[in-house]
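**Q** Heads up, the sequence shown is in the UniProt record's numbering, so the first residue is 1 and it goes up one at a time.
Backbone N, C-alpha and C define an ideal beta-carbon position, used for all residues, glycine too.
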Amino acid sequence: MENKKRAIADKSMIMRAIKDSFTKLSPKTQAENPVMLLVYISAILTTLLWLVSYTGYKDAASSFTFAIALILWLTVLFANFAEAIAEGRGKAQADSLRAAKKDVEAHKIESLSNKEEFVDIPSTSLGKGDFVIVRAGEQIPADGEVIEGAASVDESAITGESAPVIRESGGDRSAVTGGTTVLSDWIVVEVTHDPGDSFLDKMIAMVEGAARKKTPNELALQIFLIALSIIFILVTVSLYTYSSFSAAQVGIDNPTSVTTLVALLVCLAPTTIGALLSAIGIAGMSRLNQANVLAMSGRAIEAAGDVDILMLDKTGTITLGNRQAYELIPVDGCHPHDLADAAQLCSLADETPEGRSVVVLAKEKFNIRARRLEDKNMKFIPFTAKTRMSGVDFAGHEIRKGAADSIKEYVLGYGGTYSHECEQAVNMIANQGGTPLVVAKDHKIMGVIHLKDIIKSGVQEKFSDLRKMGIKTIMITGDNPLTAAAIAAEAGVDDFLAEATPEGKLEMIRDFQAKGHLVAMTGDGTNDAPALAQADVAVAMNSGTQAAKEAGNMVDLDSSPTKLIDIVRIGKQLLMTRGSLTTFSIANDVAKYFAIIPALFIGLYPELQALNVMSLHSSQSAILSAIIYNALIIVALIPLALKGVKYREVSASKLLSRNLLVYGIGGIITPFICIKVIDMLLVVCHLV
Numbered sequence: 001m002e003n004k005k006r007a008i009a010d011k012s013m014i015m016r017a018i019k020d021s022f023t024k025l026s027p028k029t030q031a032e033n034p035v036m037l038l039v040y041i042s043a044i045l046t047t048l049l050w051l052v053s054y055t056g057y058k059d060a061a062s063s064f065t066f067a068i069a070l071i072l073w074l075t076v077l078f079a080n081f082a083e084a085i086a087e088g089r090g091k092a093q094a095d096s097l098r099a100a101k102k103d104v105e106a107h108k109i110e111s112l113s114n115k116e117e118f119v120d121i122p123s124t125s126l127g128k129g130d131f132v133i134v135r136a137g138e139q140i141p142a143d144g145e146v147i148e149g150a151a152s153v154d155e156s157a158i159t160g161e162s163a164p165v166i167r168e169s170g171g172d173r174s175a176v177t178g179g180t181t182v183l184s185d186w187i188v189v190e191v192t193h194d195p196g197d198s199f200l201d202k203m204i205a206m207v208e209g210a211a212r213k214k215t216p217n218e219l220a221l222q223i224f225l226i227a228l229s230i231i232f233i234l235v236t237v238s239l240y241t242y243s244s245f246s247a248a249q250v251g252i253d254n255p256t257s258v259t260t261l262v263a264l265l266v267c268l269a270p271t272t273i274g275a276l277l278s279a280i281g282i283a284g285m286s287r288l289n290q291a292n293v294l295a296m297s298g299r300a301i302e303a304a305g306d307v308d309i310l311m312l313d314k315t316g317t318i319t320l321g322n323r324q325a326y327e328l329i330p331v332d333g334c335h336p337h338d339l340a341d342a343a344q345l346c347s348l349a350d351e352t353p354e355g356r357s358v359v360v361l362a363k364e365k366f367n368i369r370a371r372r373l374e375d376k377n378m379k380f381i382p383f384t385a386k387t388r389m390s391g392v393d394f395a396g397h398e399i400r401k402g403a404a405d406s407i408k409e410y411v412l413g414y415g416g417t418y419s420h421e422c423e424q425a426v427n428m429i430a431n432q433g434g435t436p437l438v439v440a441k442d443h444k445i446m447g448v449i450h451l452k453d454i455i456k457s458g459v460q461e462k463f464s465d466l467r468k469m470g471i472k473t474i475m476i477t478g479d480n481p482l483t484a485a486a487i488a489a490e491a492g493v494d495d496f497l498a499e500a501t502p503e504g505k506l507e508m509i510r511d512f513q514a515k516g517h518l519v520a521m522t523g524d525g526t527n528d529a530p531a532l533a534q535a536d537v538a539v540a541m542n543s544g545t546q547a548a549k550e551a552g553n554m555v556d557l558d559s560s561p562t563k564l565i566d567i568v569r570i571g572k573q574l575l576m577t578r579g580s581l582t583t584f585s586i587a588n589d590v591a592k593y594f595a596i597i598p599a600l601f602i603g604l605y606p607e608l609q610a611l612n613v614m615s616l617h618s619s620q621s622a623i624l625s626a627i628i629y630n631a632l633i634i635v636a637l638i639p640l641a642l643k644g645v646k647y648r649e650v651s652a653s654k655l656l657s658r659n660l661l662v663y664g665i666g667g668i669i670t671p672f673i674c675i676k677v678i679d680m681l682l683v684v685c686h687l688v
């Protein structure tokens with residue numbers, strides 16, 4: 001999936017949206033949006049009144065009725081266009097995904113004990129539980145789990161990331177996606193989905209909006225808008241009967257036609273937010289897709305905007321993910337240079353990030369460089385889970401580095417000593433949240449290497465911003481409580497869960513939810529699945545297991561734990577955009593009411609001229625100006641609906657105050673200005 005920022009719309013997308021705007025004129029499609037259905041019926045009614053006017057019956061002047069009918073049809077088309085242009089980006093992404101989805105030849109094997117015997121079948125014939133072997137240069141035919149082997153896989157067709165990733169059996173990086181390509185080695189894959197139900201199929205359905213359902217918040221807002229529309233229908237009917245009665249009383253013809261009142265009804269109904277509501281929701285999902293996150297439902301995005309508890313993995317999210325050598329602490333009279341020399345020697349062949357950082361530290365702090373294993377015929381002793389240490393033998397000397405208890409046992413076993421000074425250094429590092437590695441040469445302790453989790457730059461500011469928004473951050477780590485507390489304090493998180501287990505995560509989420517909180521978390525392993533299934537917003541890593549992906553309600557295609565913060569931001573921006581435009585729309589309706597009604601009934605009540613503060617030319621020009629504005633404001637707000645209002649890290653109360661100020665007052669002032677300008681243009685052009 002393309003992960004670059006693109007313009008709100010390009011030429012091809014606009015042309016596609018214009019075509020879709022007319023396609024959406026079907027009654028079935030219009031019925032999905034009750035507010036715009038009211039405009040749709042009004043357009044049909046005024047069109048019929050215009051046609052009937054040529055038979056002799058005239059509700060109003062034919063030209064006026066035609067103008068109203070035309071503008072109402074344009075209003076419906078503009079609303080359709082807003083939704084279509086929002087869907088356009090999703091459809092463009094879906095097209096690129098369909099291009100990646102190919103029917104390839106699959107090597108189906110019957111027995112795992114004999115992988116050389118396989119049958120070539122189309123990938124569409126594969127079913128859940130089948131086994132296939134995929135070799136270098138071949139495309140993975142279906143979603144599945146690697147059950148044997150390891151391979152480098154190109155997932156750019158799905159994630160947009162060109163760098164290959166390793167997929168292997170066992171662990172948390174065993175899931176593979178159909179449509180990706182094996183670059184090296186081979187893997188045996190167990191198919192986990194039937195045809196038509198693959199991850200790629202789900203992605204296509206979600207990004208083009210086919211699987212999008214209205215969220216509870218959208219449904220609640222829609223019910224509110226319907227209620228407002230019903231109120232305005234009653235008001236309009238009342239105005240018609242009252243004006244008929246008043247006209248009869250004074251002995252004049254009723255100046256208020258059905259066409260005029262239909263136009264008035266459309267102006268007063270909440271058509272602005274009604275037209276943009278669907279586009280706002282679709283655009284929110286599109287922004288999430290552009291961030292390379294696939295939401296399984298619109299509800300998940302809304303929940304992301306409402307979460308107040310964020311559970312974040314320490315490794316890769318808060319810290320860089322690899323401990324780095326921070327300090328060398330000599331003990332028992334050892335010279336610092338000798339400790340650095342020994343630490344670097346036993347780390348030369350250590351290819352782990354920690355080992356390389358020891359070599360770099362010795363080079364930078366003590367200028368020890370240009371060392372190679374071949375120089376002194378060294379024999380590297382690799383790290384094992386049993387010994388929990390590594391080292392090097394050369395010229396009759398033994399150098400070892402490893403966990404404090406392992407080195408202690410090693411030294412004491414050869415008759416050496418483990419001093420109180422060394423124990424103090426180890427405890428000091430552990431209390432600071434670091435990892436101590438003890439270095440010994442010839443069975444004598446030389447000192448301690450301080451490995452430190454490096455906190456990512458900027459995370460403290462991010463957590464501070466989240467705190468302003470009322471979101472509590474909790475760090476999840478397998479470290480002991482002392483280490484976890486030190487890192488949590490340095491990173492600035494609000495709380496932490498140390499020595500985390502699947503049961504511990506699940507219990508913590510349930511406790512928060514029982515207190516009325518909404519919880520978001522990330523995970524990638526099978527052991528994360530229970531907690532992901534319980535969380536309100538559960539982001540599974542695309543590189544993780546199938547169990548984790550099925551338990552989550554979002555999948556991060558980039559497999560970046562920090563993406564959770566971006567997801568919360570997108571969710572909040574969606575809610576902010578909807579709230580802001582709803583405020584603006586309702587304020588618009590209030591302003592249009594006071595702008596139109598005085599001019600509309602001046603014929604019946606000349607004293608209303610005092611309330612015609614805008615000095616509109618006539619009742620016809622007032623209605624035409626208002627209904628033209630009502631249509632154009634939809635087009636004007638489409639970019640804001642698609643892009644979203646500017647995201648701000650502020651509390652809900654401050655956000656509400658700002659929305660009322662900017663979009664409330666703006667929604668009242670804007671119609672007065674625009675309707676007056678349109679009225680003047682109509683007069684200048686002799687259209688009224």
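(1) If you draw a straight line from the alpha carbon of Lys441 to that of Ala342, how long is it in whole angstroms?
(2) Taking C-alpha atoms, which residue in Gln573, Thr75, Val119 and Asp20 lies nearest to Glu87?
(3) Let me check one thing: in DSSP terms, what residues is Gly149 bridge-paired to?
(4) With DSSP run on the structure shown, which of helix, strand or coil describes Gly196?
(5) Residues bridged to Met469 by DSSP?
(6) Taking 6 Å as the limit between beta carbons, can you name the residues of its chain near Met13, skipping five residues before and five after?
(7) Quick check on the DSSP output: the beta strand (DSSP E) that includes Leu51 runs from which residue to which?
(8) Tell me which residues share the same chain as Asp528 and place their Cβ nearer than 6 Å to its Cβ, disregarding the 5 neighbours each side in the sequence.
(9) Could you give the DSSP three-state label for Lys444: helix, strand or coil?
(10) Would you mind reading off the limits of the alpha helix (DSSP H) that contains Arg648?
(11) When the Cα of Lys452 is compared with those of Lys468, Glu490 and Pro639, which residue comes out closest?
(12) From the DSSP output, read off the bridge partner residues of Gly402.
(13) If you draw a straight line from the C-alpha of Leu687 to the C-alpha of Gly284, how long is it?
(14) Three-state secondary structure (DSSP) at Val266?
(15) Just the Cα atoms here: how many angstroms apart are Lys572 and Ala362?
(16) Going by DSSP, name the residue or residues bridged to Ala498.
(17) Mapping the DSSP letters down to three states, classify Tyr326 as helix, strand or coil.
(18) Are Ile586 and Ala626 closer than 9 Å when you measure CB to CB?
(19) Could you tell me whether the segment 565-584 touches the segment 328-341, where touching means 3 or more Cβ pairs closer than 8 Å?
(20) So if DSSP puts Leu294 in a beta bridge, which residue, or which two residues, is it bridged to?
(21) What residue does the beta strand (DSSP E) around Thr522 start on, and which one ends it?
(22) Distance check for Pro530 and Glu32, CA to CA, integer angstroms please.
(23) How many Å lie between residue 692 and Lys468 at the Cα?
(24) Just the C-alpha distance for Leu77 and Ala631, rounded to the nearest angstrom, thanks.
(25) With 16 as the cutoff for other CB atoms within 10 Å, does Lys108 come out buried or exposed?
(26) Taking only the alpha-carbon atoms, compute the straight-line gap between Val104 and Ile140 and give it to the nearest angstrom.
(27) Going along the chain, which unbroken runs of the beta strand (DSSP E) with 3 or more residues stay wholly within the segment 552-603?
(28) Strictly by DSSP, which residues pair up with Thr315?
(29) I believe Ser615 touches Ile602 by the beta-carbon criterion, under 8 Å. Please report the beta-carbon distance rounded to the nearest angstrom.
(30) Over the uninterrupted beta strand (DSSP E) stretch that includes Pro27, give me the two end residues.
(31) I'd like to know whether the C-beta atoms of Gly492 and Val438 end up nearer to each other than 9 Å.
(32) Leaving out five residues on either side along the sequence, give the residues of the same chain with a beta carbon under 7 Å from the beta carbon of Arg369.
(33) Identify whether His686 lies in helix, strand or coil by the three-state DSSP scheme.
(34) For Phe496, count neighbouring Cβ atoms within 10 angstroms of its own Cβ and tell me buried if that reaches 16, exposed if not.
(35) Span of the alpha helix (DSSP H) holding Ile368?
(36) Return yes when the Cβ of Val132 is within less than 9 Å of the Cβ of Val182, no when it is not.
**A** In this structure, then:
(1) 7 Å
(2) Asp20
(3) Ile187
(4) coil
(5) Its beta-bridge partners do not exist; DSSP assigns none.
(6) Gly88
(7) From DSSP, Leu51 is part of no beta strand (DSSP E) but of the alpha helix (DSSP H) over Pro34 to Val52.
(8) Ala548
(9) strand
(10) No alpha helix (DSSP H) holds Arg648; DSSP gives it neither H nor E.
(11) Glu490
(12) Met389 and Val438
(13) 41 Å
(14) helix
(15) 47 Å
(16) Bridge partners of Ala498: none, in fact.
(17) strand
(18) no
(19) no
(20) Val555
(21) Val519 to Gly523
(22) 36 Å
(23) Here the chain comprises residues numbered 1 to 688, so residue 692 is not present and cannot be evaluated.
(24) 9 Å
(25) buried
(26) 8 Å
(27) 554-556
(28) Thr319
(29) Not quite, the Cβ-Cβ distance comes to about 11 Å (not below 8 Å), so this is no contact.
(30) Where Pro27 is concerned, there is no enclosing beta strand (DSSP E), although the alpha helix (DSSP H) it sits in stretches over Pro27 to Gln30.
(31) no
(32) Lys363
(33) coil
(34) buried
(35) From DSSP, Ile368 is part of no alpha helix (DSSP H); its letter is neither H nor E.
(36) no
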